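Take a look at the structure set out below.
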Amino acid sequence: MKPARLLVAALLAAVPLVAQAAPPAPQIALTFDDLPLHTPYPSGETPVSVVDAIVAALKQARAPAFGFVNAGKGAPGELDAVLARWRAAGLPFGNHGYAHSNLDKVGAAQFVAEIDRNEAVLAPLGMKRWLRYPYLAEGQAPAERDAVRQALAQRHYRIAGVSLSFDDWAWNAPYARCIAQGNAAAVADIETRYLAAARRDAQAARAASKSRFGRDVPYVLLLHVGAFDARMLPRLLSLYRDMGFRFVTLEHAQRDGFYAATDPAIPGPTPALLRAAPLERPGDEVCPASLNAAVPAQ
Numbered sequence: 591m592k593p594a595r596l597l598v599a600a601l602l603a604a605v606p607l608v609a610q611a612a613p614p615a616p617q618i619a620l621t622f623d624d625l626p627l628h629t630p631y632p633s634g635e636t637p638v639s640v641v642d643a644i645v646a647a648l649k650q651a652r653a654p655a656f657g658f659v660n661a662g663k664g665a666p667g668e669l670d671a672v673l674a675r676w677r678a679a680g681l682p683f684g685n686h687g688y689a690h691s692n693l694d695k696v697g698a699a700q701f702v703a704e705i706d707r708n709e710a711v712l713a714p715l716g717m718k719r720w721l722r723y724p725y726l727a728e729g730q731a732p733a734e735r736d737a738v739r740q741a742l743a744q745r746h747y748r749i750a751g752v753s754l755s756f757d758d759w760a761w762n763a764p765y766a767r768c769i770a771q772g773n774a775a776a777v778a779d780i781e782t783r784y785l786a787a788a789r790r791d792a793q794a795a796r797a798a799s800k801s802r803f804g805r806d807v808p809y810v811l812l813l814h815v816g817a818f819d820a821r822m823l824p825r826l827l828s829l830y831r832d833m834g835f836r837f838v839t840l841e842h843a844q845r846d847g848f849y850a851a852t853d854p855a856i857p858g859p860t861p862a863l864l865r866a867a868p869l870e871r872p873g874d875e876v877c878p879a880s881l882n883a884a885v886p887a888q
């Protein structure tokens with residue numbers, strides 16, 4: 591075979607390799623609940639120091655995020671101080687209810703009243719009309735659920751869904767106890783377990799999404815403004831990047847048809863977590879509180 595024919599044959603053989611484009615990177619939107627604070631905090635940490643650390647990690651990773659605020663939480667001045675930093679970083683925020691009340695416990699009328707009360711405080715500060723249900727409780731009774739959705743539709747809200755959650759909130763209390771006890775080994779252990787839980791959650795969600803839809807839906811991750819979340823955020827963002835995720839905004843993620851029911855004008859509920867099995871999370875056995883009594887006050 592002549593050299594020219596050999597070259598043509600080689601080029602033709604390479605065509606299928608070029609045509610097989612890589613699958614699109616999975617997308618993840620970061621959301622943070624419970625601004626201005628998610629307790630408990632270790633000694634020396636404050637709502638401001640925690641949000642400063644979170645904002646710094648997001649900036650370093652060039653990752654967008656969306657916050658959800660309870661204006662009725664915190665000491666005087668904490669809400670303003672935290673939101674000043676959040677807004678200065680160009681991060682949007684929405685409504686999480688004035689007092690973080692559970693719809694199933696307070697009923698639709700009080701729940702909607704708390705949404706309105708929260709909005710009255712936050713709208714002048716630039717709040718976006720997005721709601722994250724506290725406890726992700728959208729109403730077990732259909733009448734309660736529908737009444738709230740109708741009120742949200744009348745107020746032109748969008749609901750923030752959650753498709754990824756590794757119960758990050760549950761790690762903050764053990765961390766605070768371990769710090770109080772000076773137990774560095776226990777802190778290192780929960781750091782490892784935290785990242786492992788995040789990885790397993792993402793793997794389970796991706797497997798479920800591909801099984802149900804044949805693709806990766808854009809994922810919406812639930813996080814909280816806790817001290818341990820702040821400590822772990824640089825490593826958590828690196829973990830997701832190493833897993834191939836691309837960070838996107840909440841608005842971008844929820845344009846996907848999977849999130850259609852986050853429009854409250856459409857019958858709910860909104861999409862649930864994609865994983866089915868519960869994940870391991872630390873409990874009272876980690877740095878038991880009974881040991882804190884033996885630690886001298888600093």
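So that you can map any letter, position 90 of the sequence shown is 680 in my numbering, and since no number is skipped, the others follow by simple counting.
Glycine included, each C-beta is placed from N, C-alpha and C at the ideal position.
From a predicted model like this one, the values you see are computed outputs, not experimental measurements.
Outcome for residue i when other beta-carbon atoms lying within 10 angstroms are tallied against a minimum of 16
i: PRO714; result: exposed
i: LYS663; result: buried
i: TYR723; result: buried
i: THR621; result: buried
i: THR860; result: buried
i: TYR784; result: buried
i: GLY687; result: buried
i: ALA763; result: buried
i: ARG821; result: buried
i: ILE856; result: exposed
i: GLY751; result: buried
i: ALA661; result: buried
i: LEU881; result: exposed
i: ALA609; result: Interpretation of ALA609 is limited by its pLDDT of 46, a score under 50 that renders its predicted location unreliable; the figure taken from the coordinates is listed afterwards. Exposed: under 16 other Cβ atoms inside 10 Å.
Expected contact under 8 Å - CB spacing of residue i and residue j to nearest Å
i: GLY858; j: ALA851; result: 5 Å
i: ASN773; j: ALA727; result: Contact doesn't hold; Cβ gap of about 34 Å is too wide.
i: PHE656; j: LEU840; result: 4 Å
i: VAL738; j: ALA698; result: 5 Å
i: ALA643; j: PHE837; result: The Cβ separation is near 18 Å, so there is no contact.
i: ALA678; j: LYS649; result: Actually they are not in contact, since the Cβ atoms of ALA678 and LYS649 sit about 11 Å apart, beyond 8 Å.
i: VAL702; j: ALA741; result: 5 Å
Whole-angstrom distance between residue j and residue i, CA atom to CA atom
i: ALA743; j: PRO854; result: 5 Å
i: ALA710; j: ARG735; result: 23 Å
i: TRP761; j: ALA879; result: 14 Å
i: ILE780; j: GLY716; result: 37 Å
i: VAL777; j: ASP623; result: 23 Å
i: LEU827; j: ALA792; result: 12 Å
i: ASP758; j: GLY729; result: 23 Å
i: TYR747; j: TRP720; result: 5 Å
i: ALA766; j: ALA612; result: 43 Å
i: GLU704; j: THR629; result: 21 Å
i: GLN888; j: ALA795; result: Note that GLN888 scores a pLDDT of 30, beneath 50, so its modelled location is shaky and nothing firm can be said.
i: PRO666; j: LEU625; result: 14 Å
i: ASN685; j: PRO732; result: 22 Å
i: CYS877; j: GLN771; result: 8 Å
i: LEU712; j: SER753; result: 26 Å
i: LEU823; j: ALA689; result: 26 Å
i: ALA615; j: VAL640; result: 30 Å
i: GLN700; j: TYR725; result: 16 Å
i: THR782; j: ALA775; result: 11 Å
i: VAL815; j: ASN708; result: 18 Å
i: GLU875; j: ARG745; result: 45 Å
Same chain only: Cβ atoms within 8 Å of residue i, ignoring 5 sequence neighbours per side
i: ALA843; result: GLN617, ILE618, ALA619, PRO808, TYR809, VAL810 and TYR849
i: PHE803; result: PHE848
i: VAL638; result: GLU668, ALA671, VAL672 and ARG675
i: ARG789; result: LEU829 and MET833
i: ARG805; result: SER799
i: ASP863; result: Note that residue 863 corresponds to Leu in the displayed sequence, not to Asp. Around LEU863: VAL752, SER753, LEU754, SER755 and ALA795.
Close beta carbons around residue i, own chain, < 6 Å, minus the five adjacent residues each side
i: ILE769; result: PRO632
i: PRO682; result: PHE656 and LYS718
i: LEU813; result: PHE622, ASP758 and ASP819
i: ALA787; result: PHE756 and LEU869
i: ASP694; result: ALA727 and GLN730
i: GLU635; result: ALA817
i: GLY873; result: none
Enclosing beta strand (DSSP E) for residue i [first to last residue]
i: GLN617; result: 617–625
i: TYR809; result: 809–814
i: VAL659; result: 655–659
i: PHE683; result: 683–685
Sequence-distant residues of the same chain with beta carbon closer than 7 Å to residue i, five excluded per side
i: ASP846; result: VAL807 and PRO808
i: ALA647; result: LEU823, PRO824 and LEU827
N- and C-terminal bounds of the alpha helix (DSSP H) containing residue i
i: ASN762; result: 762–771
i: ASN708; result: 693–712
i: VAL836; result: Reading the sequence as shown, one finds Arg at residue 836 and not Val. First-last for ARG836: 836–838, but that is the beta strand (DSSP E), not the alpha helix (DSSP H).
i: VAL890; result: Since the displayed the chain opens at 591 and closes at 888, residue 890 lies outside it and no answer follows.
i: PHE566; result: Examination of residue 566 is not possible in this model, given that the chain is present from 591 through 888 alone.
i: PHE803; result: 774–803
i: LEU669; result: 668–678
i: GLN744; result: 732–744
i: ARG825; result: 817–832
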